[in-house]
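Colleague: Protein chains in written order, with full-length UniProt numbering: chain A, 1 to 331; chain B, 1 to 255.
#1: Tell me, which residues are paired with residue 9/A by DSSP?
#2: Rounded to a whole number of angstroms, what is the C-alpha to C-alpha distance between residue 116/A and residue 157/A?
#3: Using the beta-carbon count (16 or more within 10 Å), is residue 146/A buried or exposed?
#4: Kindly indicate which three-state DSSP category residue 114/A falls into: helix, strand or coil?
#5: Can you pull the chain A residues whose beta carbon is under 7 angstroms from the beta carbon of residue 134/B, in chain order?
#6: Are the beta-carbon atoms belonging to residue 274/A and residue 285/A less than 9 angstroms from one another?
#7: Use the C-beta contact count for residue 120/B: other C-beta atoms within 10 angstroms, 16 or more gives buried, fewer gives exposed.
#8: Could you tell me which uninterrupted alpha helix (DSSP H) segments, each at least 4 residues in length, are contained entirely in the region 97 to 143 of chain B, listed from first to last along the chain?
#9: Run down chain B in chain order and give the residues with a C-beta less than 9 angstroms from the C-beta of residue 54/A.
#10: Mind checking the region 52 to 80 of chain A against chain B and listing, in chain order, the residues whose C-beta falls within less than 7 angstroms of any C-beta there?
#11: Just reading off the beta strand (DSSP E) that residue 324/A is part of, what are its end residues?
#12: Going along the chain, which residues of its own chain have a beta-carbon closer than 6 angstroms to the beta-carbon of residue 218/A, five neighbours each way excluded?
#13: Taking C-beta pairs closer than 8 angstroms, name the residues in chain B that residue 108/A reaches, listed in chain order.
#14: Return the chain-ordered list of same chain residues with a C-beta closer than 8 angstroms to the C-beta of residue 57/B, the five sequence neighbours on each side being excluded.
#15: Pick out whichever of 124/B, 147/B, 161/B has its Cα sitting closest to the Cα of residue 35/B.
#16: Is the beta carbon of residue 323/A sitting closer than 9 angstroms to the one on residue 256/A?
#17: By the 7 angstroms beta-carbon criterion, what residues does the region 269 to 287 of chain A contribute toward chain B?
#18: How would you write the range of the alpha helix (DSSP H) that residue 69/B sits in, first residue to last?
#19: Once you ignore the five residues that flank residue 318/A on each side, which residues in its own chain have a CB closer than 8 angstroms to its CB?
#20: Per the DSSP calculation, residue 33/A is bridged to which residue(s)?
#21: Can you pull out the residues from the region 141 to 152 of chain A whose beta carbon lies closer than 9 angstroms to at least one beta carbon of chain B?
#22: Check the C-beta distance from residue 179/A over to residue 167/A and give it rounded, since I have them as a contact under 8 angstroms.
#23: Roughly how many whole angstroms lie between the Cα atoms of residue 316/A and residue 84/A?
#24: How about residue 26/A and residue 54/A: do their beta carbons lie closer than 9 angstroms?
#25: Which residue marks the beginning of the alpha helix (DSSP H) containing residue 229/B, and which one marks its end?
#26: By how many angstroms is the C-alpha of residue 187/A removed from the C-alpha of residue 34/A?
#27: Per DSSP, what kind of secondary structure is residue 28/A in: helix, strand or coil?
#28: With DSSP as the reference, label residue 183/B as helix, strand or coil.
#29: Mind listing the chain B neighbours of residue 82/A? Cutoff is C-beta to C-beta under 8 angstroms, in chain order.
#30: Where residue 5/A and residue 118/A are concerned, what is the direct C-alpha to C-alpha distance, given to the nearest angstrom?
#31: Identify whether residue 231/A lies in helix, strand or coil by the three-state DSSP scheme.
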């Protein structure tokens, strides 16, 4: 649905030239909720702004819904943008208009007549749960309500793609959850493809089907969440299920086991104790439901060095579990 | 000297003031009209042709945008730095071409507009720059055209600031309209000079001052009222005040 190929963008020139995007390629399948995570300054904002060409890349191709945007003239680009909704961190609502007026603005842009505008604005405000606030001004709303208006405005022209530029970063955790639920709802009910950028791992964990890690303008990891979790050494997986620092444990082998899909509910610890007579200690654990699947990581301490535990580890791996030795003697 | 005990004094005074006030309002109204009609687009273009602005590339040419921006900026600075009394005399040939004469209230509208246009254009520029750039970004993301962004984002959002700027502009037009009176432009300035100064009538002088003061107060009050009404941000009032202060600081130097 959204396809970026070899997109590069830099700002400034000469010694002050900074590369924001370095040969970025990304594919967002239709109906997906795709999250791009990264530190601030990694180029996330530039990335999402190139998708609707608010930022024109220096090179590369941007296709949305099969249409090559970089080749479009001004007018065609405007029409294409009408099919790509965007939600902003700071909402960017017109302070001189009511909630209803802000949603209608999007419809005025596409030339919907007055009566139809009213009807559709009311309908979409109901969808985002703000029907009662239609005649309020943005200054009278809370942050979460403002973002709902922002979402309603982005949806008004019935786009097929929604871009979210740190939509929840200015909101408290409670409100963030409710906005993310709204994203989930519109993704499911309207079949919208959502591309979001965030620096919050929780956002990815809560609603994303796929994710990419952006670092210094480059995509370091990229894939479906369920697959990323079972990828050895995945930094996204580690960030999704942080187990903290590994303490000093002399004479102990520390292993991280990643569960995903069908093996999440296996009684691993009991099995180790029973079959290999190992006194397992649990050092950390994180279990979550991701994209409808139980997934998580557990950090275990096994007495003895890696060699003495080799049989047990091999046994775990044979069951299809992802086992990484993160501490103690190397295997 | 005027004989204040004459039975005709009060009716005459009333008539003279009425005519003077009428002429002043006439000059101010039309000068203001032209100021808004011409100053508003210039102010919008001043912001738009800046780097990264909406009209950065008129007709697809970045260079043309740069040049247009510089030229407008130069004209505005020039218009604001020439003292009014000099400007008024210097453009007499132009005024004659436009109006046919350079005497009387109608002719005075030309220099009054010319002095107020650059001033108001700056006010518009300042007010539009106060509009959150995120709003125009959001409008772009919705596929809005430049014209629509000007009409439905810039102007409504900058309206409170522009109204306060307009109030300051009117005040300076009224100021200058009095100066026009000195050189036979008519209006209350003329009354003050021919009666108050040349015939030593304190009553005329005081009356003119009071009338001008009342006009300015009323216009300022109306503008502030609407500016507050349209400032919908939670900090609307304080924002309107900030803009107001900026406008005052930026006022042209009086005669």
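Ideal Cβ positions, reconstructed from N, Cα and C, are used throughout, including at glycine.
Modeller: Result, derived from the coordinates:
#1: 21/A.
#2: Whole-angstrom Cα-Cα distance: 12 angstroms.
#3: It counts as buried.
#4: Correct three-state label for residue 114/A: helix.
#5: Within chain A, the C-beta atoms nearer than 7 angstroms to that of residue 134/B come from 88, 90, 92, in chain order.
#6: No, these two residues do not count as a Cβ contact at 9 angstroms.
#7: Residue 120/B comes out buried.
#8: Listed in chain order, the alpha helix (DSSP H) runs fully inside the region 97 to 143 of chain B are 105 to 129, 133 to 141, counting runs of at least 4 residues.
#9: The answer, in chain order, is 137, 140, 141.
#10: For the region 52 to 80 of chain A, the set of residues with a beta-carbon nearer than 7 angstroms to any beta-carbon of chain B comprises 52, 54, 78, 79, in chain order.
#11: Segment 322 to 327, the beta strand (DSSP E) holding residue 324/A.
#12: If the five residues before and after residue 218/A are omitted, its C-beta is found closer than 6 angstroms to the C-beta atoms of 22, all from its own chain and listed in chain order.
#13: Within chain B, the residues near residue 108/A are 148, 152.
#14: For residue 57/B, where only same-chain residues beyond five positions count, the Cβ hits under 8 angstroms are 64, 65.
#15: Selection 124/B, 147/B, 161/B evaluated against residue 35/B yields 124/B as nearest (Cα-Cα).
#16: Yes, the pair counts as a contact, with Cβ atoms nearer than the cut-off.
#17: The residues in question: there are none.
#18: It spans 62 to 81 - the alpha helix (DSSP H) in which residue 69/B sits, taken as one unbroken run.
#19: Its chain contains no residue whose beta carbon lies nearer than 8 angstroms to that of residue 318/A once the 5 sequence neighbours on both sides are disregarded.
#20: Paired residue(s): 194/A.
#21: Residues of the region 141 to 152 of chain A with a Cβ closer than 9 angstroms to any Cβ of chain B, in chain order: 150.
#22: Yes, they are in contact, since the Cβ atoms of residue 179/A and residue 167/A sit about 6 angstroms apart, within 8 angstroms.
#23: Whole-angstrom Cα-Cα distance: 46 angstroms.
#24: No; because the gap between Cβ atoms is not below 9 angstroms, this pair is not in contact.
#25: Element bounds for residue 229/B: 202 to 230.
#26: When rounded, the distance between both Cα atoms is 11 angstroms.
#27: Strand.
#28: DSSP, read as helix, strand or coil, puts residue 183/B in coil.
#29: Within 8 angstroms Cβ-Cβ: 142, 143.
#30: Using only the alpha carbons, I get a separation of about 40 angstroms.
#31: In the structure shown, residue 231/A sits in coil (DSSP, three-state: anything other than H, G, I, E or B).
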